[in-house]
Structure formats: C-alpha cells, structure tokens
Amino acid sequence: MLKGIQAGYIDERERLAVLANSIAYFSNAKKPKFKKVFDRAKEERLLEEAYADNNPKNKQTVNEKRVELYGKLADAFGERS
C-alpha cells in the first residue's frame, strides 16, 4: 500500500515538472504559443478516435494499452509478483 502512495507522489512530481516546464516556456519564449503546450482539439480528437466503435484496429490498440496500464497498476499495488 505504501508503494502505491509513493507512486502517487511520483505522479504528482511529474505533473509539477510539466507545469514548471510550461511556465518556463511561456516566460522565455519570444512569441509563446499555447498550442505548443496544450492543444485541446487534438486531445479530444485522439480521445474520440481511441474510443470509436467503427474502427476495430483502434479498439484493439486501446485494449492493448488498457491491458498494459492495468498491468502497471497491478505491479504498483503489488498484485503481481
């Protein structure tokens, strides 16, 4: 259980590092572009494509990624040896 909590702290530190990088980019760029940091339209499009029912290839890829993520979670919480 403690390992999972510590993994959560690592995730939080990663989010803070991404935020710090974004702040540094906007502080130092001559002409900063928000889309270089976050493109909402692209993210939403990728999400829709990942969960689209009409393309079995996407569904298989999403399922493979999901299985991989579940495996990582199981490792983090000690469900696997």
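First residue of the sequence shown: 11, per this note's numbering; consecutive thereafter.
Ideal Cβ placement from N, Cα and C applies to all residues, glycine included.
The stretch 29-65 contains no complete beta strand (DSSP E) run of 3 or more residues. Closest in C-alpha terms to Thr71, from the list Arg50, Ala60, Leu79, comes Ala60. Using a Cβ distance threshold of 9 Å, Gly14 and Gly88 count as a contacting pair.
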